[in-house]
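Peer 1: One rule links them: number in this note's numbering = place in the sequence shown (from 1) + 191.
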Amino acid sequence: MLPKLNSQSDIHPTVRVFLQQLEQSGFSGDIETQYSSRLAVATDNSVYQKLPQAVVHPKTNQDVKALGQLASQDKFANVTFSPRGGGTGTNGQSLTEGIVVDLSRYMNQVLEINEEQGWVRVQTGIVKDALNDAVRPFGYFFSPDLSTSNRATLGGMINTDASGQGSLKYGKTSDHVLSLHAVFADGSALESDGSGEQPDQNSYAYQALTISESVCRENRALIDEKFPPLNRFLTGYDLKNALDVEKDAFDFTRILCGSEGSLAFITEAKLNLTPIPKARTLVNIKYNSFDSALRNAPLMVEANALSVETIDSRVLNLAKQDIVWHTVSDLLTDVPGQEMQGINMVEFAGQDIDEVNAAVEQLTAELNVMVQAKQAGIIGYQVTSDLSSIGRIYNMRKKAVGLLGAVKGSAKPIAFAEDTCVPPENLADFIAEFRELLDSYQLNYGMFGHVDAGVLHVRPALDMCDPQQELMMHRVSDEVVTLVAKYGGLMWGEHGKGFRSEYGPAFFGEQLFSELRRIKSAFDPSNKMNPGKICTPLESDAELVKVADTKRGYYDRQIDIEVRDSFSQAMECNGNGLCFNYDTSSPMCPSMKVTADRRQSPKGRAGLVREWLRQLSEQGIDILKLEQSVQESLSVKTLIERLRNSFNKRHEYDFSHEVYEAMNGCLACKACASQCPIKVDVPSFRARFLNLYYSRYQRPAKDYLVANIETLLPYMAKAPKVVNFALKQKWIQGLTKSTVGYVDTPLLSVPTLDKRLKSQELLSFDLQQLAAMSSDERKQCVCIVQDPFTSYYDAQVVEDFAKLATALGKTPILLPFKPNGKAAHIKGFLKQFANSARNTSEFLERVSDLRIPMVGVDPALVLCYRDEYVEILGKERGEYQVLTAHEWLTPLLTERPAQDNPSAQPWYLFAHCTEKTKLPNAEKEWGAIFAHFGGKLTTVPVGCCGMAGTFGHEADKLTMSSDIYDLSWRPNLEQLPKERCLVTGYSCRSQVKRFEGVKVKHPVQALLELV
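Printed below as a string of structure tokens:
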């Protein structure tokens, strides 16, 4: 039996009292102290891990002020805070052992858009891409760009003074900040442009305003001497740009930008917007070496480009192995006889179309000469002015951050010295020496970055579970500091200081660093705001955080290595946070989108499972042996113990319950398994967790119903009208909801599939008879693989697919129904699932010997044969292949002449999320199939529908299911004629029927009309 687990960290009594009084003070946001919530924000995209005391989610400025006002009482002197946005930092900026203050859940609104003057005011919890979506209709965008733009918040961008692609012209975030609303550690507040109410002279706000200006004025000469003249100027208390010497004007906003939450909470921002360029062209230049790409970059910059981005062959090859490559392969084609070892992506953009075209023509003319002369290592280039294509290229480049973490083996490329900035003219020599340094340690690494600004992201591969390699990281980090200084650069060109703050004194010098501490003293004399980051108050003996601080590897190495390898889908999560993608049309993690709860995300769930495994290892539990010993058959003794444990569940703490809560919200849609660059596969380790969790606690009745539905359906279908009559009764529905926890039970198909197909000319399934046929005869056949949901609840689709096959000149054969088992896997009945998978695989393997295509109409169930079956059975699974409908249809197009129908009305495709993520070309291929038969098919970008098999039918999931549906499905269906909407997934069609009251078609049914 699995033991009870207890959290290894407790909350300080002073913090408990603080949080109690905060709640009593009228704080309107969320206060979370449960271990799982704290653990979810204990990591970011860095190698560090710090468990906070609590997480608070303010809803208003007043909530944030209440934190400071209460904490300023003497009895709460040790209560500290760290602001947090998207949690995408690579250097642990927001990690703390104090209280995390997360503005992203509630304070994420656009407050005002001034179209005439071109500015916007926002709450700083808003995601960068969400801001751009809001201002795009007005012809503007917020120009500082970064690879994490679909989950990074404006507050995080301001606090790290983020930039990224395009900074050569657009600059950093601070170049576009007009004013900030700052709340200080004592609860005082001010508007940084001086437009608001003036602060009291005894407040931190007043001290900060006056002393920071004094520091900038009194130390101007020293500041000019120490701050290098770089595009990526020094982040953290930007003393150089805070004082405009020519205008003799002090800009307090500049002090706050890049301060990493160490000075104040920034709750609102007034931002300058940039007009959307009227013309954009991207030139992708291919090189025979990465060094050639680096050395050729200055020429691209001189070409008056908006930006010059680069990636090396390692990153490029990783992209080729990822789902993202399907979107860009035609834009980055291989050069015959040449190996592409590096790419420079050069973008031209502006308001003057002719000017942009002229610049592109001039560059391409020079490139043609160099290609012909085999100069500069250039082997070719491609040009695109299509906005969609440009976006796809940049999406691939952005995903490079996560892709580096997906390399095989225990050593993973990690961020710790990867945003160094040197003058662009020194970059190639600097990188050459950087490479020599890494090569001397025999490290593998990938490189990408912004060569126009002299910033290159270098991520050496290290196994942070190995204490010796952790020490190596520290040595390499120290040596890089020396190297950067040699080339006149900065250690922190883009991603901030965080745990690298210890290098601050060396770069600033003792005198100027003391002035930084003087500023910290004015803002935060009690060292409450993100203590240890950037600097400490002048009067304080507190230390700066260290590169050698506690890392995630310290905890991970406590887990047995065999267990780590076995649970690699969870262990390898590097915290890049792509699962926080706010885009409602993205299939990535719908539960995270509707809850805004970090625990309800692949990253959160992976972190919880890692801690669960660590606690088990700490107690000496061999989890792999435990998995082998778990049996589904129940003894009376085991049942009694489970019931007793379940009864005591509400009274006795067990960390497993917190893990369960996070897993219970997962829809098992599998989007994470392909959308995540690390391939964090939550449904896989979720099933294993549930399997073990229910070895101790009694399962709910609904789980048994779901897991055994495939066994029950054939019997239910013998009397479908009787079953349906019973299911329609209100008292039956009420009883089902109260006792089983199941709602909106679907009705069986009437007539049943067997009766529907009796009228069709189907070939009976007989292995001997089929084997006796000639190979040519068998080529004209197609075997229909049944799934439980379509065959028994939506039989019309299977019937129409059989008719379509007949219309295409094929002979359909309906295979006997064999349980697929996916529902059992989702609920963690792994032994039962393995038995189903083994039996069904043996049958399908025999059928595959006939060399007759096997096709299923529901993509999620078909893909289960390729994914979960391989996972559970390994080599036992066999070599058979079951095709989706579009996979079977695509090669048949060559057998029939194409049809043309210019007047055809469009159909609209809503693809199943699992289908889209596991088969990235599915929508494109459906479109080609329809076009061949004279139809028009428009793909509708939607995420998950919220049904996900039986998830949406469970009473405790109904609200979440509905909320997920409202994200992208309902808004799109409201704008389209529903009779022209086509939906590939049974669960999706079921969800539409439930909420829209209409029965939408499967694409094969529309094709039947066309054929």
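C-beta atoms are modelled at their ideal positions from N, C-alpha and C, and glycine is treated no differently. Here the structure is a predicted model, which means the values were calculated and not measured.
1) Scan the segment 1071 to 1123 and note each continuous alpha helix (DSSP H) run of 4 residues or more that stays entirely inside, going in chain order.
2) Which whole-angstrom value describes the C-beta separation of Glu451 and Gly687, a residue pair presumed to lie in contact below a C-beta threshold of 8 Å?
3) Gly277 and Phe771: beta carbons closer than 8 Å?
4) Can you say whether Gly387 is buried or exposed, counting buried as having 16 or more other CB atoms within 10 angstroms of its CB?
5) Near Ile202, which residues of its chain fall below 7 Å by C-beta distance, leaving aside the five closest residues on each side in sequence?
6) How is Asp415 classed by DSSP in three states: helix, strand or coil?
7) Please state whether DSSP places His641 in a helix, a strand or coil.
8) Does Cys972 come out as helix, strand or coil in the three-state DSSP assignment?
9) Specify whether the segment 389 to 400 and the segment 463 to 475 touch according to this definition: at least 3 beta carbon pairs, one from each stretch, less than 8 Å apart.
10) Measure the CB-CB distance between Phe329 and Thr465 and report whether it falls below 8 Å.
11) Exposed or buried, Arg342, counting other C-beta atoms within 10 Å across all chains shown (16 or more means buried)?
12) In three-state terms, what does DSSP make of Thr1150?
13) Is any heavy atom in the ligand GDP found nearer than 7 Å to the beta carbon of Pro716?
14) Closest to Pro274 by CA distance: which of Ala233, Glu1165, Phe1142, Ile605 is it?
15) Are at least three pairs of beta-carbons, each pair with one atom in the segment 253 to 264 and one in the segment 373 to 380, less than 8 Å apart?
16) Go through its chain and collect everything with a Cβ distance to Phe621's Cβ below 6 Å, but skip five positions before and after it.
17) Which one of Glu404, Ala353, Gly1188 has the shortest CA to CA distance from Ser365?
18) Just to confirm, are Gly637 and Leu595 a CB contact at a threshold of 8 Å?
19) Please classify Leu662 as buried or exposed, where buried requires at least 16 other C-beta atoms within 10 Å of its C-beta.
20) With the cut-off set at 8 Å, would you say Ile236 and Gly766 are in Cβ contact?
21) Look at the alpha carbon of Ser480 and the alpha carbon of Lys438, and state the distance between them as a whole number of angstroms.
22) Going by DSSP, what residues sit across from Phe332 in a beta bridge?
23) Mind checking which residues open and close the beta strand (DSSP E) that includes Asp221?
24) Are the Cβ atoms of Val800 and Phe758 separated by less than 8 Å?
25) Taking the beta strand (DSSP E) that Glu500 falls in, what are its first and last residues?
26) So, is Glu1106 buried or exposed, given that buried needs 16 or more other C-beta atoms within 10 angstroms?
27) Give the DSSP-derived three-state secondary structure of Arg471 in the structure shown.
28) For Leu1167, which residues in the same chain have their Cβ closer than 8 Å to its Cβ, ignoring the five residues on either side in sequence?
29) Spatial neighbours of Asp747 within its chain, please: C-beta separation below 6 Å, excluding the five flanking residues on both sides.
30) Can you give the beta carbon distance from Val492 to Leu359, rounded, assuming they're within the 8 Å contact cut?
31) Output yes or no for whether 8 Å exceeds the beta carbon distance between Lys431 and Ile414.
32) Taking the runs of the beta strand (DSSP E) that are 3 residues or longer, which of them lie wholly in the segment 376 to 414?
33) Please go through the same chain and pick out, in chain order, the residues whose beta-carbon is closer than 8 Å to the beta-carbon of His665, but skip the five residues on each side of it.
34) Does DSSP put Tyr888 in a helix, a strand or coil?
35) Taking its Cβ as the centre, do 16 or more other Cβ atoms sit within 10 Å of Phe209, making it buried, or is it exposed?
36) Going by other Cβ atoms of all chains shown within 10 Å of its Cβ, with 16 needed for buried, is Arg1180 buried or exposed?
Peer 2: In short, the structure shows the following:
1) 1076 to 1083, 1104 to 1109, 1113 to 1123
2) 6 Å
3) In this structure, Phe771 lies closer than 8 Å to Gly277 by Cβ.
4) exposed
5) Thr224, Gln244, Ala245
6) helix
7) The answer is strand: DSSP assigns His641 an E or B state.
8) strand
9) no
10) no
11) buried
12) helix
13) With respect to the ligand GDP, the structure offers nothing, as it holds no ligand at all.
14) Ala233
15) They touch, by the three-pair rule.
16) Val613, Tyr678.
17) Ala353
18) The answer is yes: Cβ separation under 8 Å.
19) exposed
20) Per the sequence shown, the amino acid found at residue 236 is Asn instead of Ile. Going by C-beta atoms, Asn236 is nearer than 8 Å to Gly766.
21) 47 Å
22) Phe332 is bridged to Thr465.
23) In the DSSP annotation of this structure, the continuous segment of the beta strand (DSSP E) that includes Asp221 starts and ends at 221 to 223.
24) yes
25) 498 to 503
26) Buried, by the Cβ-count rule.
27) strand
28) Once the five neighbours on either side are set aside, the close Cβ partners of Leu1167 are Tyr1099, Val1131.
29) Cys656
30) 7 Å
31) yes
32) 380 to 382
33) Closer than 8 Å at the Cβ level, and outside the excluded window around His665, lie Val738, Ala739.
34) Coil at Tyr888, not helix or strand.
35) buried
36) buried
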